Structure formats: C-alpha cells, structure tokens
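Notes to accompany the following structure.
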Amino acid sequence: MIFVQGLLSFYGLPLSQSAVEVTTSPAPPPVANGAKYELNTLPVDEKAVADGDTVTVYVSTLTPREAACVPQAVQVAAVERAKARAQRNYTKADALHKQIIDAGYRMLNIHNEEILARKYRIRLRGIDAPESSMPYGKEAKEELIRLVVGKSLKVLIFDEDRYGRCVGDIYCNGVFVQERMLKKGLVWHYGAYDKRPELEKWEKDARDKRIGLWASANPEKPWEWRKNRREQR
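Reading the sequence shown from the start, the letters are residues -18 to -1, 1 to 215 in mature numbering (1 follows the signal peptide of the UniProt record, and there is no 0).
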C-alpha cells in the first residue's frame, strides 16, 4: 500500500480508495456449496460470450479476494496510465493499458469511473453446448447472451480445466444459468464430469418434451463431434 501511495503522491495524483485497498484487505469469507471461491462480476459485455457454455467475466480489484493479489507491476502500470491520461498522453496510456491487459487485467469504465478489473474465463459447470457449427450452437450462444449480457453475475468456482478456464456455476438475478439452458433444451448435461441429479433431470424433461435440440430424434453429442473432428485431422 505504501508503495502505491508513494507513486500517486510523486505524480501529484489523488489517493484513490482502489489504490489503498489493493494490498491491505482482509481474507475473504469461506464459500458455501463446496466451491473453492465466489466471484461477483462487473456487468458482462456481449463480446464476452464465446458460445453456449463459455463466458469471459471481469471482477473489480476492490473486492476482498482480488485486492490482495494484484501484481505490483499492474499497480504501477495503472498509476502511470492515470498520469499519462491526465497529461493527455494517450499513446503512452494505451501502451500501459496493453501491459495491464497482457497481465490478465483491464481498466473498465463503469458509470464514468475507471475500475481496475481482473479477467476470468468461465466454463459453465455440468453442461456442454453444441459447437458453433452444430445444430443449435447459435441458439445456445444467443440464449446465454440474453441471460448474462449487461448483468453482474455470481459465479461459484469449483475447478480449473485443462484450457485454464475456471469451471463454475453462474447465477444471474437469482436465476441458475445452467438450469435455464438445460430446461430450454439448448445444452447437454455433461454427465461424465458432473453427477448432479437435478441437471440430469432438467435435461430429461427437455428431452421428453422435445424442446430445442431434442426436436431431433438423435442429436449428435458435442463431445463426440469434437472427437470425430480430431480423428479426421
């Protein structure tokens, strides 16, 4: 904290609450439901939804968990960027922002306030959406966009997959997103990795009603589709 305060004072910049709290926050409280930790995100951008089961989110570094682990290089770059912008040196400010982005963070303008936020790629736990070129791949992505874009999410993180994505459950305004996607017949229950009976039931209900992708008698499973494509290479 003293290091950041010194930089701000040296550059004649105001001492923001965000800078003070970067390294002096208490440990976050324990998370229920067996999750490793909980994220509370900033509003989601439309471009952040990759497909029907993956979304990129940003979390403010003012939250207790994030405040304690912002790299010093990111703190310095954020301070120097603020100085460059105050001097209207936007070329330097953009270069510093690129450094921040490369480190897994981003400066976001929320309600006319610049917020330093950390990036997380989230793989929705327990479901598998059709790939973009598969039937209902587009519809699955559009539904996820409709559910989360412009909204702040609660994400319970349980694991990390081999691609470095956080595997978690997403809640939006009290709605369990995976439940909604399964009930609309837009995704599969990923039973090989998730044994929750309620997810299996929601898929079965949609299948019985022939909703969404279940309108087809024998829709191709996305994990089999990916396996076939790998074998054809």
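Even for Gly, the Cβ is constructed at its ideal location relative to N, Cα and C.
Only a predicted model underlies this, so the values are computations on that prediction, with no experimental measurement involved.
Pair within 8 Å by beta-carbon distance, residue i and residue j
i: residue 166; j: residue 127; result: no
i: residue 171; j: residue 185; result: yes
i: residue 39; j: residue 97; result: no
i: residue 87; j: residue 58; result: no
i: residue 135; j: residue 154; result: yes
i: residue 159; j: residue 181; result: no
i: residue 52; j: residue 123; result: no
i: residue 28; j: residue 157; result: no
i: residue 140; j: residue 178; result: no
i: residue 33; j: residue 114; result: yes
i: residue 66; j: residue 74; result: yes
Reduced DSSP secondary structure (H/G/I, E/B, other) of residue i
i: residue 184; result: helix
i: residue 36; result: strand
i: residue 124; result: helix
i: residue 52; result: coil
i: residue 26; result: strand
i: residue 21; result: strand
i: residue 207; result: helix
i: residue 61; result: helix
i: residue 220; result: Shown here, the chain extends from -18 to 215; a query on residue 220 therefore has no answer.
i: residue 157; result: strand
Closest Cα partner of residue i within the set the options
i: residue 101; options: 168, 175, 109, 82; result: 82
i: residue 197; options: 34, 47, 117; result: 117
i: residue 188; options: 168, 177, 174; result: 168
i: residue 222; options: 211, 15, 35; result: Since the displayed the chain opens at -18 and closes at 215, residue 222 lies outside it and no answer follows.
i: residue 110; options: 212, 205, 213, 211; result: 205
i: residue 47; options: 143, 19, 78, 149; result: 19
i: residue 85; options: 92, 77, 91; result: 77
i: residue 92; options: 70, 163, 133; result: 133
i: residue 163; options: 63, 210, 94, 121; result: 121
i: residue 146; options: 54, 79, 37; result: 37
i: residue 49; options: 99, 69, 150; result: 99
i: residue 208; options: 112, 68, 183; result: 112
Residue-level contact to chain B via CB, residue i, 8 Å cutoff
i: residue 75; result: Judged by its chain identifiers, the structure shown contains no chain B, having just a single protein chain.
Problem - Entirely enclosed alpha helix (DSSP H) segments - the region 66 to 152, minimum 4 residues - result: 72 to 84, 119 to 130
Exercise for the section: Could you tell me whether the region 34 to 52 touches the region 18 to 26, using the rule of 3 or more Cβ pairs below 8 Å? Expected result: yes
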